[in-house]
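First the structure, in the form of structure tokens, and then the observations on it.
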Amino acid sequence: MPCRICKQKGHNARTHERYMANKKKKIDEFIKKEDIRENDLLSFYMRSDSMKKEESCDCPICMEPIGDKNKFVTACGHTFCGTCILTNAQRNTKCPMCRQQIAPNVKIKSARAKFNEVFTPRNIMEIIHRSAGSIMESQEETLLDVAERESNGESVNLQLEMTRPVLRGMISFTQRIQSYIYENL
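Counting from 73, one number per residue, gives the positions in the sequence shown under the working numbering.
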């Protein structure tokens with residue numbers, strides 16, 4: 073059984089301090105015996121860290137590189153590609169590496185069904201039409217405002233004035249989508 077403190081095999085929590093002190097002593101003896109300088113150790117550790125980073129980019133199931141968009145990190149900290157972990161989750165809800173529960177209180181099928189139920193194409197199109205309508209109204213109001221200001225002799229940047237309602241509309245659209253998600257999920 074591995075140690076509860078450092079998760080290494082070969083000792084337990086009671087003998088952890090003695091084990092670590094013995095390990096440090098052996099390393100120090102090796103360094104003295106082999107005449108290893110501190111700079112050599114630093115470069116070794118830097119190389120081993122960079123190797124770990126490169127290794128962590130591959131899915132341990134399919135051994136393919138994991139892109140940022142397809143990366144799935146479990147609660148226990150293991151990284152998999154989305155395809156492999158979803159396939160695994162359909163058969164087993166435990167992490168393929170350490171056998172801990174991936175998501176103990178989440179049922180993937182019911183969450184997916186709820187998402188599909190809430191985000192029907194019709195619901196999404198309704199939100200888009202409402203947002204597009206408000207953007208068009210804002211642009212008409214902006215054009216009238218610009219015409220009035222120009223008739224009063226003000227210098228107006230039409231391009232800048234026309235982008236403001238679009239940006240406001242995009243913010244409004246994002247807020248509507250967020251509120252729709254919060255209300256329905």
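No residue lacks a Cβ here, since even glycine has one placed at the ideal position from N, Cα and C.
Asked: If you count every other CB in all the chains shown that lies within 10 Å of the CB of Ala-161, and 16 or more means buried, which is it?; Found: buried
Asked: Using a Cβ-Cβ cutoff of less than 8 Å, which residues in the same chain neighbour Asn-195 once the five nearest sequence positions on both sides are dropped?; Found: Tyr-252
Asked: Taking the alpha-carbon of Lys-79 as reference, which of Arg-248, Lys-166 and Cys-170 has the nearest alpha-carbon?; Found: Cys-170
Asked: As a quick exercise: from Arg-221, Met-234, Ser-223 and Gly-139, pick the residue whose alpha carbon is nearest that of Glu-212.; Found: Met-234
Asked: For Glu-136 and Pro-74, I'd like the C-alpha separation in whole angstroms.; Found: 30 Å
Asked: Just confirm the distance between the C-beta atoms of Cys-134 and Cys-153, as a whole number of angstroms; I'd bet it's less than 8 Å.; Found: 6 Å
Asked: Rounded to whole angstroms, what is the Cα-Cα separation between Tyr-254 and Lys-95?; Found: 53 Å
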